[in-house]
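Undergrad: Right, I'll just put the structure down here and ask away after.
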Amino acid sequence: MHILVIFLERVVRLVGQAGALFLPLLMITILVNVVARYVFGIGSIEIEELQWHLNAVAVMSCLAWAYQRDAHVRVDALHARMSPRTRAVVELCGVLFLLLPFLWFVTGSSWKIFEYSWKLKEGSPMPSGLPARYIIKFVMAAGLSLLFVQGIAVALKSILTLLPSSARKG
Amino acid sequence: MDILFVFLLCSVFLLVMFSGYPVAFVLGGVAVAFAALGTFLDGFSIDADMASLRMIGFVANRIFDSISSYSLIPISMFIFMGMMLDKSGVAERLLKQMHKVLRVIPGGMAVSVILIGVVLAASTGIIGASVVLLATIAMPAMRAAGYDDKLGLGTVGATGCLGILIPPSIMLIVMGDQLQIPVGDLFRGALLPGLLLALLYICYAIFTAIRRPDLATAMPLDPNSSLGDMLRGLVGSLLAPLLLVFAVLGSIIFGIATPTEASGIGAAGATLLAVASKRLSWSDFQEVCENTAITTAFLFALIFGASCFSVVLRGYGGDELIEAGLHAIALPPIGTLILILAIVFLLGFFLDWMEIILIVAPLVLPVLTSLGYEPAWVAILLAICLQTSFLTPPVGMALFYLKNTVPDVSISQIYRAVIPFIAMQIGILVLVMAFPGFVSW
Amino acid sequence: SAESLDIQSAWPLTMPASGANADYLGTLLNSASDGSLEVKVYSAGKLVPSLQIFDAVQQGTLDAGITSPLYVAGRFPAVQLFGGIPFGPDALTHAGWIYEGGGREIWEEIYAKQGVKTIPCGLMDSEAGGWYNFEINSIDDFKGKKLRFAGLAGEAMAKVGASIVLLPGGEIYPSMEKGIIDGTELSMPAIDITLGLQQVGKYYYLPGWHQPAAMNELIVNMDKWNSLSESQQDLIEASCKAVNLKSVLSTLTQNADAVDTFEAAGVEIKSFPPEVLDALQAAFDGTISEQVENDPDFKRVWESLQAYRASAAAWTERR
Ligand code: NA
Ligand code: NA
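Heads up: the protein sequence lines correspond to chains A, R and S, in order. Each number in the numbering used here comes from the position in the first sequence (counting from 1) with 969 added on. Each number in the numbering used here comes from the position in the second sequence (counting from 1) with 15 added on. Each number in the numbering used here comes from the position in the third sequence (counting from 1) with 935 added on.
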């Protein structure tokens, strides 16, 4: 169980680290767009669309990693005073009764949306826009699925905390 | 019947939120549970309006709409800009220089904290980093100078929150996106109220120091360095970041570039500053990227969760209920406005600005504009009001950051310390209500 | 018991014509069905974002939507022609093609494969040519100008050297005010006036070559549609025809009033010189031939339109 948690979390982290590097790409894309427009008077629909594509990739690939790093906002008032065991119970219940049900439905429909977009080979409504909009729909579904995976990892970690220490080894 | 379910939905959310589980997931999870309840009730032919699990199918569509939105792109770039400036060490150097110069005037160290807070506020749109930074650097210095903890904590906490009002502000970007108000107008509108608030803090610090010199001791200049040297050092460390801030904010407020363009340029400019200060290694750069991505991701997670919650709230007829309720009370327009601001202020005790803007603001703004109020002005009033939510217990993010950074004070000490500052925020709110000219100039 | 039908509008219900149509359809169906239909119309974005209405209806999470076929141009490039054609026919001929000229059959066929029923619902009169901060005397005047322009017309504009900007709706006014963009295409005067561009735009060009007519649509999930009785289906069909008439008639005086308001505010009303239109038409023809080549459905719709226009030309061109 312990090894499984480590493996899942490593996958989540690697995806997040890769996704974060899309932000400097976004910065450069904006700069290119600005220079092309204000200096050379050229506007490109592809470059405009690329901006939100890059932003979307960064956001969706770090959603799960943010949970791993405990960056999602919590109301600390009571949480800060809880014992590690109580916190583990809260986390386990949260994953099982809040996060996973929420993601179960939302991720399910995201994959449906991606599948449909893929089937249609959906592109931008602008003929010279970026062609493959299904890529972003894939990124959305994959990012939510990754959060689901991270949720499972957190649940397993909480169970490990709650088990008597002798049982944790196995 | 509906009113019961709307009440239940909101109270269950508040209760579960206090478990400390991430708010974004509580919003989504509670909403899904109530959608399931709607489907269940439907099986017994109990009318739950449109609420049902089928509605959760809309959430992915709404998430896609958020991640494909042009108006939300500046969020990540402004966070990047702030984190990069933080890394460049500009603020630390500035604070040290300013402390040296301003220590001679009563309350001078508090004044320098507020001034640095304004610079930080104008360079980023998030507040977590500025509260932590100010508390880390300024609290020890003020304690060493014999400042009272109450004044120090209040100043640091309130000043760290200025960033949410003084543009660029993530809160105003999200507000503009939600309420379809141009971000440039909101930035422009928030500028004067934000600066006035800072000015009021400064006056308060000086006044306190004059009235009770024992709380905020003035100190002689350091004999080892001349005033001229210190001023030169101050100007030197101030020039580059101020130029960057003016370029970015100016180009948005005076409409030379779109907010997205300006935010990208700001991020790049801050990177250049950090490179120029020779403090940026590759691993620092990676760290800035990662922290920015994670902060952006948790903000978007809140957008997703709140979007799910709103759609279920709507399924139970919640928005019609609130609109009908506000119209039914039959107050004069100004009464409705004050009532809504009071509700937002009270909600701010328990909720973060994000939940309030995403769930509550879209419900109340149409009511207010139907009364003839200017949307941008109302939005700024809401923004000033929401500033208090960071400082009001039990749920105030600035309070938590402060407690974590200065562990040897009690949370109740912090509560007491911020009360005068909350009062000043309300004062500015009243001022802007009385003189809309502060917003539309 | 009553059959419920939840309809999401792509536009705020307060918007003239397109948005008001959704409201009118809901009222009409509720009263004319004598309680057999229970219709609820949701304003833009209340449930699903406007651009995602088709997906939600296709998946059955939403019963129905009032939207424009232009919004699914990325999925089915062919159907955008029903939603408005640069250098296309006027509203009467556009509707004639859809109802009597075989247009509708192709449209329905394309959507039926997706499990979606479509009904023409919301005939729109000509759009305006847009707001500009510069005078257009020759086609070169567009070179390097930053314009907000969508769809096939945007492609044609890019071909003649304009720099096309994509902006969120809320940013149009300030961008125009501050000169971030030099011009924008919007909608018809009655709708343009709600954005207040007369305060920031110098020139208003009429008429709009990019969309002389448009047809919006009511899309219904096919399973939902099949679950309705024949009389309910007929009622919806007839109501949409009533919507078309009300829609196209409602804006004549509204548009006129708006144009008067613009003029009073100091806006100069102009029209595109013929040689500019010729050059734009040439650019547009280039865009169309690319589309016709890339997509067999597009070719079918385009040829159907051309055939109808030719068959009616002996009359419509001489009216
Ligand atoms: Na700020
Ligand atoms: Na609070």
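Ideal placement from N, C-alpha and C gives every residue a C-beta, glycine not left out.
On the DSSP letters alone, give me the boundaries of the alpha helix (DSSP H) that A/G1059 sits inside.
TA: For the purposes of this step, residue 1059 of chain A is identified with residue 90 of the first sequence, where counting begins at 1. Checking the sequence shown, residue 1059 of chain A turns out to be Val, not Gly. Note, A/V1059: alpha helix (DSSP H), 1053-1063.
Undergrad: Quick check on A/L1097 - is its C-beta less than 8 Å from some C-beta in chain S?
TA: Locating residue 1097 of chain A in the first sequence gives position 128, where the first residue counts as 1. According to the sequence provided, residue 1097 of chain A is Ser. The question's Leu does not apply to it. Yes - at least one Cβ of chain S is within 8 Å of the one on A/S1097.
Undergrad: Go to S/A945, then tell me how far its alpha helix (DSSP H) extends in each direction, as first and last residue.
TA: Along the third sequence, one-based indexing puts residue 945 of chain S at 10. S/A945 -> no alpha helix (DSSP H), and no H or E assigned at all.
Undergrad: Taking only runs that begin and end inside the stretch 953-1012 of chain S, name each unbroken alpha helix (DSSP H) of 4 or more residues, in chain order.
TA: Correct list: 953-967, 988-994.
Undergrad: Could you name the residues of the stretch 262-273 of chain R whose beta carbon sits closer than 8 Å to any beta carbon of chain S, in the order they occur along the chain?
TA: Within the stretch 262-273 of chain R, the qualifying residues are F269, G270, I271, A272, T273.
Undergrad: Less than 8 Å between CB atoms is the rule here; does R/Y36 satisfy it with respect to chain A?
TA: Here residue 36 of chain R is taken as the residue at index 21 of the second sequence, counted from 1. Interface residue, yes.
Undergrad: Since A/S1093 meets chain S, which of its residues come closer than 8 Å, beta carbon to beta carbon?
TA: Within the first sequence, the letter at position 124 stands for residue 1093 of chain A. Chain S residues near A/S1093: G1009.
Undergrad: Could you spell out the range, first to last residue, of the alpha helix (DSSP H) harbouring A/R1102?
TA: Here residue 1102 of chain A refers to the residue found at position 133 of the first sequence. Neither: A/R1102 is in no alpha helix (DSSP H) and is coded neither H nor E.
Undergrad: Comparing the CB of R/P228 with every heavy atom of ligand 1, is any distance shorter than 7 Å?
TA: By one-based count along the second sequence, residue 228 of chain R stands at place 213. No; taking the cut-off as 7 Å, the Cβ of R/P228 has no heavy atom of ligand 1 nearer than that.
Undergrad: Could you have a look at S/N1068 and say whether DSSP puts it in helix, strand or coil?
TA: Translated into the one-based positions of the third sequence, residue 1068 of chain S becomes position 133. DSSP places S/N1068 in coil when its eight states are reduced to three.
Undergrad: What runs of the alpha helix (DSSP H), each 4 residues or longer, lie entirely inside the stretch 980-1060 of chain A?
TA: Runs of the alpha helix (DSSP H) inside the stretch 980-1060 of chain A: 991-1007, 1014-1037, 1045-1048.
Undergrad: Considering only the beta carbon of each residue, do R/G169 and R/F436 sit closer than 8 Å?
TA: Taking the first residue of the second sequence as 1, we reach residue 169 of chain R at position 154. Taking the first residue of the second sequence as 1, we reach residue 436 of chain R at position 421. Cβ atoms of R/G169 and R/F436: closer than 8 Å.
Undergrad: Which same chain residues end up closer than 8 Å to A/V1118 when comparing Cβ atoms and leaving out the 5 residues on each side of it in sequence?
TA: The sequence position of residue 1118 of chain A within the first sequence is 149, counting from 1. Taken in chain order, the residues that qualify are L977, V980, V981, A1033.
Undergrad: When you compare the stretch 1011-1026 of chain S with the stretch 1045-1065 of chain S, are there three or more beta-carbon pairs, one atom per stretch, that lie closer than 8 Å?
TA: Yes, the stretch 1011-1026 of chain S is in contact with the stretch 1045-1065 of chain S.
Undergrad: Going along the chain, which residues of the stretch 79-102 of chain R sit with their C-beta nearer than 8 Å to a C-beta in chain A?
TA: Those would be F79, I82, S83, S84, Y85, L87, I88, S91, M92, F95, in chain order.
Undergrad: Determine which residues share a DSSP beta bridge with S/G1118 and list them.
TA: Within the third sequence, the letter at position 183 stands for residue 1118 of chain S. The partner list for S/G1118 (beta bridge, DSSP) reads S/Y1067, S/L1082.
Undergrad: Cα-Cα, which of S/H1029, S/E1106, S/A1008, S/N1068 is closest to A/P1096?
TA: Locating residue 1096 of chain A in the first sequence gives position 127, where the first residue counts as 1. Looking at the Cα atoms, S/A1008 is the closest of the given residues.
Undergrad: Is R/S83 near ligand 1, in the sense that its beta carbon is under 7 Å from a heavy atom of that ligand?
TA: Here residue 83 of chain R corresponds to residue number 68 of the second sequence, with the count starting at 1. For ligand 1, not one heavy atom lies less than 7 Å from the Cβ of R/S83.
Undergrad: Give the interface partners of S/E1040 over in chain A, defined as CB-CB distance under 8 Å, in chain order.
TA: Position 105 of the third sequence, counting from 1, holds the residue named residue 1040 of chain S. Neighbours of S/E1040 on chain A: none; closest Cβ ~21 Å, over 8 Å.
Undergrad: Run through DSSP, which three-state label would S/S1206 get?
TA: On the third sequence, position 271 is the one that residue 1206 of chain S refers to. Three-state DSSP puts S/S1206 in coil, outside helix and strand.
Undergrad: Taking only three categories from DSSP, how would you classify A/G1139?
TA: To locate residue 1139 of chain A, count along the first sequence from 1; it is residue 170. Caution applies to A/G1139, whose pLDDT of 43 falls short of 50 and renders its modelled position unreliable; the value that the coordinates give is listed next. Coil, per DSSP.
Undergrad: On the DSSP letters alone, give me the boundaries of the alpha helix (DSSP H) that S/I1154 sits inside.
TA: As a working mapping, residue 1154 of chain S is identified with position 219 in the third sequence. Counting along the chain, S/I1154 falls outside any alpha helix (DSSP H), though it belongs to the beta strand (DSSP E) covering 1149-1156.
Undergrad: Helix, strand or coil for S/S939, going by three-state DSSP, please let me know.
TA: Within the third sequence, numbered from 1, the residue matching residue 939 of chain S stands at position 4. Looking at S/S939 - three-state DSSP - the assignment turns out to be strand.
Undergrad: Following the continuous beta strand (DSSP E) through A/P1094, name the residue where it begins and the one where it ends.
TA: Here residue 1094 of chain A refers to the residue found at position 125 when the first sequence is read from its first residue. Note, A/P1094: premise wrong, no beta strand (DSSP E); not H, not E.
Undergrad: Could you check which residue in A/V1028, A/Y1007, A/K1081 has the C-alpha nearest to that of A/A987?
TA: Here residue 987 of chain A refers to the residue found at position 18 of the first sequence. The shortest C-alpha separation from A/A987 is found at A/V1028.
Undergrad: Is the distance from the Cβ of R/G44 to the Cβ of A/S1078 below 8 Å?
TA: As a position in the second sequence, residue 44 of chain R is number 29, starting the count at 1. As a position in the first sequence, residue 1078 of chain A is number 109, starting the count at 1. Cβ atoms of R/G44 and A/S1078: not closer than 8 Å.
Undergrad: Could you spell out where the beta strand (DSSP E) holding S/L1058 opens and where it closes?
TA: Within the third sequence, the letter at position 123 stands for residue 1058 of chain S. Residues 1051-1059.
Undergrad: Going by the DSSP bridge assignment, what does S/Y1138 pair with across the sheet?
TA: For this step, residue 1138 of chain S is matched to residue 203 along the third sequence. Its beta-bridge partners are S/Y1067, S/E1203.
Undergrad: Taking a Cβ distance cut-off of 9 Å, strictly less, list which residues of the stretch 41-68 of chain R are near chain A, in chain order.
TA: Cβ contacts with chain A: V41, L42, G43, G44, V45, A46, V47, A48, A50, A51, L68.
Undergrad: Return the bridge partner residues of S/I1099 from the DSSP annotation.
TA: Sequence index remark: in the third sequence, residue 1099 of chain S carries index 164 (1-based). Per DSSP, S/L1082.
Undergrad: Going along chain S, which residues have a C-beta under 7 Å from R/R247?
TA: Counting from 1 along the second sequence, the entry for residue 247 of chain R is found at position 232. Neighbours of R/R247 on chain S: none; closest Cβ ~37 Å, over 7 Å.
Undergrad: Starting from R/L341, follow the alpha helix (DSSP H) in both directions and report where the run begins and ends.
TA: Counting from 1 along the second sequence, the entry for residue 341 of chain R is found at position 326. Residues 333-343.
Undergrad: Cβ closer than 8 Å: which chain A residues qualify as neighbours of R/G104?
TA: In the second sequence, residue 104 of chain R corresponds to position 89, counting from 1. Within 8 Å Cβ-Cβ: nothing; R/G104 doesn't reach chain A, min ~20 Å.
Undergrad: Got a list of residues with beta-carbon closer than 7 Å to any non-hydrogen atom of ligand 1, in chain order?
TA: Result: R/A136, R/A137, R/T139, R/G140, R/G178, R/I179, R/I181, R/P182, R/P183, R/S184.
Undergrad: Out of S/T1188, S/G1201, S/S1246, S/E1152, state which residue places its alpha-carbon closest to the alpha-carbon of S/L1132.
TA: Locating residue 1132 of chain S in the third sequence gives position 197, where the first residue counts as 1. It is S/G1201.
Undergrad: In chain A, what lies closer than 7 Å to R/A282 by C-beta?
TA: The residue given as residue 282 of chain R occupies position 267 in the second sequence. Residues of chain A passing the Cβ test: M996.
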